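Below you'll find the structure, written out as structure tokens, and then a few comments.
Protein chains: 2
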Amino acid sequence: MSVKRQPDLTRQRLIESAFEEIHRNGFRSASLESILKDTNVTKGALYHHFRNKTELGYAVVEEVLKPWVEQRWKSVVTAEDPIDAALQVLRDRMEETTDEMITLGCPLNNLCQEMAGIDEGFQKRLNQIVSEWRNAIADAMRRGQANGSVRADADADGCAAFVVGSIEGCMGMAKASQDHEILYKGMSGLALFLESLRPPHSTH
Amino acid sequence: MSVKRQPDLTRQRLIESAFEEIHRNGFRSASLESILKDTNVTKGALYHHFRNKTELGYAVVEEVLKPWVEQRWKSVVTAEDPIDAALQVLRDRMEETTDEMITLGCPLNNLCQEMAGIDEGFQKRLNQIVSEWRNAIADAMRRGQANGSVRADADADGCAAFVVGSIEGCMGMAKASQDHEILYKGMSGLALFLESLRPPHSTH
DNA sequence: GAGAATACATACTAGCCGGTATGTAACCTC
DNA sequence: GAGGTTACATACCGGCTAGTATGTATTCTC
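Chains as they are written, first to last, in numbering that gives the first Met the number 0: chain E, 0 to 203; chain X, 0 to 203.
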């Protein structure tokens, strides 16, 4: 009896399972055996698709984590009013925040804190994700300043760094306290900050 | 020849070395052998003072990390103008932020992201540190509202959660990008937010 | 100063983990 | 359909790690 082979699917299943395993345990404590057990793939197949654990990790960052982050912010990139768009993204993200996400934290932040300081390959790839996100917000703000939906005296780069940092930080603190409420409170503070970026006297 | 024994000192040296090892590698990847090598203490001595690695980790959190955090925020607890005091703490913290701190990140945040979701003992202890910090800021804000140095319509708990979250988050993003500048930009955003909490028309 | 408790030191073990060597069956090319 | 390449499968290894068993010298108690 012939067994069908689907190399692309096998590879995809491996990086998706690895993403979850890394999300649960971090990269260094992630167990290849767990991933193999979870996917019913053998070690030979894993090492056919990836040179080593680190390369698997890089693939997870590039092929799962990166789109995961981009998808959540793409609406801000093209929005006419970036503040409205950002507030909407915050609401969306809070709605999709499951108990598991509070328990395990943001996959992006987790990996940054674990690996950025000790592995250049991770640092480069994670920094690319984070800085593209930051730049997307800064660009959106500048566009908002040009069309009058954002106050002109705000420093777009500084605000973007603050927005990204506070989102990840508030998620992290919610994880530390294992409490959704902390996330709500933090995000309400961020909403306050975003509102303060609107131009004064914009109404009537 | 008699060798002096100083059990308290031995214990102290162990938890301080463990603090650094955990800061560098995280708790789970922290190597007891490294700590023993660093301190010239033997495994027998280590296991005389601590039942296992986890108990050593708990001791590090309670006896090193907790005072480390408290010491950096105690001035806000008694300040008359909490916003001025908070801004000063931010400046102090940025001045003491070495390259190593950017590389390795905040020890508190690192441990929260690594352990809060998977070990109750860590979570309880880390949450205590974080929530005491948050409450200290919230209390200070309420005191500021009572004496007129903070605007009355601000939600003290929400703002405190946001302040703590954004500090840890901006440090985390600076680590992700391995770039001091990101920290400066984020903290300038936070300074802006803190200024917006002052009561309107407070001058002349 | 005897006896007990404390504070170590040394040597060892069991388990897990990433990685490799080798074999084999499916698939693609011509 | 032969030959080569791809996509797996199986079995094994060496290294590291937390933890333990056991021994011993110092210190405390009375």
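Yeah, the Cβ is synthetic: ideal placement off N, Cα and C, and Gly gets one too. These numbers were taken from a predicted model, which means no experiment stands behind them.
Spatial distance of residue i from residue j (CA atoms)
i: E/Thr97; j: E/Val149; result: 32 Å
i: E/Ala58; j: E/Arg10; result: 10 Å
i: X/Gln112; j: X/Phe121; result: 11 Å
i: X/Glu36; j: E/Ala173; result: Note on residue identity: the sequence assigns Lys, not Glu, to residue 36 of chain X. So the two alpha carbons sit approximately 36 Å from each other.
i: X/Pro106; j: X/His22; result: 6 Å
i: E/Met140; j: E/Pro81; result: 6 Å
i: X/Gly164; j: E/Ala175; result: 10 Å
i: E/Met0; j: E/Leu31; result: Low confidence applies here, because E/Met0 scores a pLDDT of 47, under 50, leaving its location unreliable; read the following figure in that light. C-alpha separation (whole angstroms): 29 Å.
i: X/Val60; j: E/Ala145; result: 49 Å
i: E/Ile181; j: E/Glu95; result: 16 Å
i: X/Tyr46; j: X/Leu13; result: 11 Å
i: X/Trp72; j: E/Leu8; result: 52 Å
i: X/Val2; j: X/Ile101; result: 41 Å
i: X/Gly188; j: E/Met93; result: 22 Å
Among the options, nearest to residue i - alpha-carbon criterion
i: X/Lys52; options: X/Asp80, X/Thr102 and X/Gly25; result: X/Gly25
i: E/Cys158; options: E/Lys174, E/Ala190 and E/Gln127; result: E/Ala190
i: X/Thr77; options: X/Asp7, X/Arg92, X/Gly171 and X/Ile136; result: X/Ile136
i: X/Arg197; options: X/Cys111, X/Ser33 and X/Arg142; result: X/Arg142
i: X/Ala155; options: E/Gly168, E/Gly147 and E/Gly185; result: E/Gly185
i: X/Asn108; options: E/Gly104, E/Ala84, E/Gly171 and E/Trp132; result: E/Gly171
i: X/Glu99; options: E/Gln87, E/Ala115, E/Leu86 and E/Ala85; result: E/Ala115
i: E/Gln177; options: X/Ile181, X/Asn134 and X/Ser130; result: X/Ser130
i: E/Pro6; options: E/Ser16, E/His48 and E/Asp91; result: E/His48
i: X/Leu55; options: X/Met93, X/Ala29, X/Leu103 and X/Ser187; result: X/Ala29
i: E/Glu20; options: E/Gln70, E/Leu182 and E/Val63; result: E/Val63
i: E/Ile128; options: E/Gly188, E/Leu86 and E/Pro66; result: E/Pro66
i: X/Ile117; options: E/Asn126, E/Gly104 and E/Asp91; result: E/Gly104
i: E/Glu79; options: E/Ser16, E/Glu167, E/Asp138 and E/Asn126; result: E/Asp138
i: X/Gln70; options: X/Asp91, X/Asp83 and X/Arg50; result: X/Asp91
i: X/Glu15; options: X/Ser33, X/Val2 and X/Arg4; result: X/Ser33
Contact with chain X by residue i, beta-carbon distance below 7 Å
i: E/Lys65; result: no
i: E/Ser16; result: no
i: E/Lys184; result: yes
i: E/Ile82; result: no
i: E/Ser187; result: yes
Buried versus exposed, by CB contacts within 10 Å (16 or more), residue i
i: X/Ala151; result: exposed
i: E/Arg124; result: buried
i: E/Gly43; result: exposed
i: E/Gly147; result: exposed
i: X/Leu110; result: buried
i: E/Glu119; result: exposed
i: X/Ser201; result: Its pLDDT being 46, under 50, X/Ser201 is placed unreliably in this model, and the value from its coordinates should be taken loosely. So X/Ser201 counts as exposed.
i: X/Glu194; result: exposed
i: E/Asn126; result: buried
Residue i at chain E interface by Cβ criterion, 7 Å
i: X/Ile21; result: no
i: X/Ser195; result: yes
i: X/Phe192; result: yes
i: X/Gly56; result: no
i: X/Gly143; result: no
i: X/Gly43; result: no
Using a Cβ-Cβ cut-off of less than 7 Å, list which residues of the stretch 101–135 of chain E approach chain X; keep chain order. Thr102, Leu103, Gly104, Asn108, Asn109, Cys111, Gln112, Glu113, Ala115, Gly116, Gln122, Leu125, Asn126, Val129 and Ser130
For the stretch 145–177 of chain X, list every residue whose C-beta sits within 9 Å of some C-beta in chain E, in sequence order. Ala153, Asp154, Asp156, Gly157, Cys158, Ala159, Ala160, Phe161, Val162, Val163, Gly164, Ser165, Ile166, Glu167, Gly168, Cys169, Met170, Gly171, Met172, Ala173, Lys174, Ala175, Ser176 and Gln177
To be precise: take each residue of the stretch 21–38 of chain X, compare its Cβ to all Cβ atoms of chain E, and keep it if any distance is under 7 Å. Which residues remain? Gly25, Arg27 and Ser28
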